[in-house]
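2 protein chains.
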Amino acid sequence: MAASNLVDDWAARLRKEGYRLTAPRRAVIRVLAETSTSLAPDQILRRARRYYPKTGLVTVYRTLDVLKGCGYVRKMHRLDGCHSYAPASAGHAHHIVCERCRAVMEFKGCDLDALIKSVRRRTGYLVKGHWLELSGLCPVCRKEA
Amino acid sequence: MAASNLVDDWAARLRKEGYRLTAPRRAVIRVLAETSTSLAPDQILRRARRYYPKTGLVTVYRTLDVLKGCGYVRKMHRLDGCHSYAPASAGHAHHIVCERCRAVMEFKGCDLDALIKSVRRRTGYLVKGHWLELSGLCPVCRKEA
DNA sequence: TTATTATTGAAAACAATTTTCAATAAGGAA
DNA sequence: TTCCTTATTGAAAATTGTTTTCAATAATAA
Chain B
1 MAASNLVDDW AARLRKEGYR LTAPRRAVIR VLAETSTSLA PDQILRRARR YYPKTGLVTV
61 YRTLDVLKGC GYVRKMHRLD GCHSYAPASA GHAHHIVCER CRAVMEFKGC DLDALIKSVR
121 RRTGYLVKGH WLELSGLCPV CRKEA
Chain D
1 MAASNLVDDW AARLRKEGYR LTAPRRAVIR VLAETSTSLA PDQILRRARR YYPKTGLVTV
61 YRTLDVLKGC GYVRKMHRLD GCHSYAPASA GHAHHIVCER CRAVMEFKGC DLDALIKSVR
121 RRTGYLVKGH WLELSGLCPV CRKEA
């Protein structure tokens, strides 16, 4: 989906949920809707300031919270820290992240049913949720490697 | 594997890698080898102090680093923060965590080959790694629910 | 246009982790 | 067993990342 449509969709949802669409908030939303890489708060801030120079770091965090609540962004997890966020679409999906350039892409259909059943049998746990994130090289970095 | 054997194994490996086996370090190792739940640094500290009362928080962090490097502990990831660690065994494995009591259990055999191939086909990414963590209710909490 | 109140961002506070540095102790060599 | 080397320690300080405070501003409904 094109970023500008994403921004509009997200904006409409936030408005519907009672949030106000301020300029700084829009700037942050736009950065997140447009990105093709995972971004940490300070990166989001720097980019948002291109659209609204007075954007504050706190607004970045607050807007991330709001967007997380709506399911529009998801936190990424890495061995060296879990500080980045990537856009997420509706429904159940996961991300694959490029180890090199941080490009992210979402995919659906994790197909973990068989594994979940097997783990349940082996451990006795009732499995209610899962976290899955793939990593590797994106098409661009693959070509350069 | 019994915790005392784990402690011995871990100690021997650390010694072999040139680390010294100090009393505080042993206390931390023991806590991590014995735990059946994921533990945050401050929790580890509190327990380690039962074995060696002068243990410092910094030693907890340092020992965690060392054990992570050896593959003996793994960081757990949660929506409300990624601060906990759980024991990990050699080879490729993942954890399932109880949402209620934080009990953790490791399982092998993630069987993601088919998914990885599918994602590769769909995204063009070369998949080189993955992170998987299951959550749910452990056998004990299941019975109480 | 006015009023309400959500939102802002700088500064401060908080939370988690890492670094500094003098003191201590593990462990190897003699 | 003793001595020496140096890894390790932990309190304090510093750093990093995030949240709270609060006066000012701005979105938006009436």
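Protein sequences appear in the order of chains B and D.
Counting from 1, one number per residue, gives the positions in the first sequence under the working numbering.
Counting from 1, one number per residue, gives the positions in the second sequence under the working numbering.
The beta-carbon is built from N, C-alpha and C at its ideal position, and this holds for glycine as well.
Remember, predicted model here, so these are calculated numbers, not experimental data.
If you compare alpha carbons, which of Ser38(D), Asp8(D) and His92(D) is closest to Arg100(D)?
Out of Ser38(D), Asp8(D) and His92(D), Ser38(D) has the C-alpha closest to the C-alpha of Arg100(D).
So, with DSSP's three-state summary, where would you put Pro41(B)?
The answer is helix: DSSP assigns Pro41(B) an H, G or I state.
Would you say Met76(B) and Ser84(B) are within 7 Å of each other, going by their C-beta atoms?
Their beta carbons are under 7 Å apart, which means Met76(B) touches Ser84(B) by this criterion.
Report whether the distance from the Cβ of Trp131(D) to the nearest heavy atom of the ligand ATP is below 6 Å.
This structure lacks the ligand ATP; in fact it carries no ligand of any kind.
Take every Cβ of the segment 90-99 of chain B, pair it with every Cβ of the segment 132-140 of chain B, and state whether three or more of those distances are shorter than 8 Å.
Output reads yes: the segment 132-140 of chain B touches the segment 90-99 of chain B.
In chain B, which residues lie less than 7 Å from Pro41(D) when you measure between Cβ atoms?
Ordered by position in chain B, no residue passes the 7 Å Cβ test against Pro41(D), which lies about 15 Å from the chain.
Would you say the segment 105-120 of chain B touches the segment 59-73 of chain B, given that touching needs at least three Cβ pairs under 8 Å?
Because the criterion of three Cβ pairs below 8 Å is not met, the segment 105-120 of chain B and the segment 59-73 of chain B do not touch.
Could you spell out where the beta strand (DSSP E) holding Tyr61(D) opens and where it closes?
Run containing Tyr61(D): none in the beta strand (DSSP E); it sits in the alpha helix (DSSP H), Leu57 to Cys70.
Looking only at its own chain, which residues have a Cβ that is under 7 Å from the Cβ of Tyr51(B), when we skip the five neighbours before and after it?
Result list for Tyr51(B): Ala27 and Arg30, in chain order.
Since Leu32(B) meets chain D, which of its residues come closer than 9 Å, beta carbon to beta carbon?
Chain D residues near Leu32(B): none, gap ~18 Å exceeds 9 Å.
Closer than 9 Å, Cβ to Cβ, to anything on chain B: give me those residues from the segment 110-135 of chain D, in chain order.
Going along the segment 110-135 of chain D in chain order, one finds Cys110, Asp111, Leu112, Ala114, Leu115, Ile116, Ser118, Val119, Arg120, Arg122, Thr123, Gly124, Tyr125, Leu126, Val127, Lys128, Gly129, His130, Trp131, Leu132, Glu133, Leu134 and Ser135 with a Cβ nearer than 9 Å to chain B.
Confirm, please, whether the CB-CB distance from Ala33(B) to Val7(B) is below 7 Å.
Yes, these two residues count as a Cβ contact at 7 Å.
Which bits of chain B does Leu137(D) rub up against, with CB to CB less than 8 Å?
Under the 8 Å cutoff, chain B gives Tyr125, Leu126 and Lys128.
Report yes or no: is there a C-beta of chain D within less than 7 Å of the C-beta of Arg142(B)?
Cβ-Cβ to chain D under 7 Å: yes for Arg142(B).
Let's test the definition: count the other Cβ atoms within 10 Å of the Cβ of Leu14(D) and tell me whether it reaches 16, buried, or not, exposed.
It counts as buried.
Going by DSSP, name the residue or residues bridged to Arg74(D).
According to DSSP, Arg74(D) bridges with Ala86(D).
Find the nearest neighbour of Val119(D) within the set Ser118(B), Gly124(B) and Phe107(B), judged by alpha-carbon distance.
It is Phe107(B).
From the DSSP secondary-structure annotation, give me the bridge partner or partners of Gly129(D).
In DSSP, Gly129(D) forms a bridge with Ser135(B).
What three-state label does DSSP hand Cys98(B) in the structure shown?
Here Cys98(B) sits in strand by DSSP.
Is it buried or exposed for Ala103(D), if we count other Cβ within 10 angstroms and need 16 for buried?
Under this definition Ala103(D) is a buried residue.
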